[in-house]
Amino acid sequence: MGERFRVVLIGGSGVGKSAITIMFLQGTFISEYDPTLEETYRKTITINGKCCLLDILDTAGQERYHTLESHYVRNGDGFIIVYSITSKATFSNVRKLYDLVLRVKDSDSFPTVILGNKNDLEEERDVTIEEGKELSTELGCPFFETSAKENHNIAESFTALVINLRKKLEQEGL
Ligand code: GDP
Ligand code: MG
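Quick note: the sequence shown, position 95, residue 119 per my numbering, numbers continuous.
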């Protein structure tokens with residue numbers, strides 16, 4: 025039995041979770057994606073010569089449905105928390121979402137990658153790259169600015185998450 029991880033994308037509405045997912049899966053950019061559609065996808069990737077099956081849940085939850093959100097979190101092995109660099113409000117959400125992950129997992133760290141998406145929209149930027157880096161360093165999570173539109177750092181983000189997931193498995197095996 026090979027490796028298999030459940031990856032959950034969370035973040036504010038409209039930050040690009042679906043666009044990131046579809047770019048990673050299909051290599052295409054979808055400019056209009058049903059914001060209420062929630063779907064699980066499956067993809068096999070090879071990282072460091074080792075194959076790994078990802079079940080990817082692209083969530084469409086609203087922040088107010090806290091019980092739903094903790095349900096996603098309970099089932100995830102690893103998380104991708106997405107904000108948009110064009111929206112401070114979605115950035116403010118990141119800490120809350122990671123806190124939720126830690127609370128539900130009853131842990132002080134958990135494999136999670138933080139993404140500042142839409143970094144092709146420089147003229148609409150509302151969150152600096154330093155703010156993103158600073159928060160991610162504080163939370164102890166890998167950080168990337170991404171563009172689903174330009175396929176920038178998308179595969180790298182999933183790779184970083186898998187590397188963290190493997191690290192956790194190794195630590196638990198000790
Ligand atoms: P979700 O609600 O988080 O799933 O967000 P979507 O993936 O549906 O994206 C919301 C909107 O932002 C759509 O119109 C996307 O085309 C657009 N979008 C997503 N990612 C990017 C990106 O990297 N750059 C730009 N310019 N637009 C993006
Ligand atoms: Mg979506």
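Idealized CB from N, CA, C, for every residue including glycine.
The structure presented is a predicted model; accordingly, all values stated were derived computationally and were not measured.
Quick one: using the 10 Å Cβ neighbour count with 16 as the cut-off for buried, is residue i buried or exposed?
i	result
Gly26	exposed
Gly164	exposed
Ala184	buried
Lys120	exposed
Thr161	exposed
Ser42	buried
Leu193	exposed
Would you identify the three-state DSSP class for residue i, choosing helix, strand or coil?
i	result
Ile44	helix
Val39	coil
Tyr57	coil
Gly197	helix
Glu62	coil
Just how far apart, CA to CA, sit residue i and residue j?
i	j	result
Lys157	Phe167	6 Å
Ile138	Gly197	26 Å
Ala179	Phe48	6 Å
Ala84	Thr60	5 Å
Leu145	Gln195	39 Å
Asn188	Pro135	6 Å
Phe29	Asn72	16 Å
Is the closest heavy atom of the ligand PLP to the C-beta of residue i under 7 Å?
i	result
Ser181	Absence of the ligand PLP from the depicted structure is noted, with the ligand GDP and the ligand MG being the only ligands included.
Subject >> Complete alpha helix (DSSP H) runs within the stretch 105-192 (minimum length 4 residues, chain order) >> reply: 112-129, 153-163
Subject >> For review: beta carbons within less than 7 Å of any heavy atom in the ligand MG >> reply: Lys41, Ser42, Tyr57, Pro59, Leu61, Asp82, Ala84
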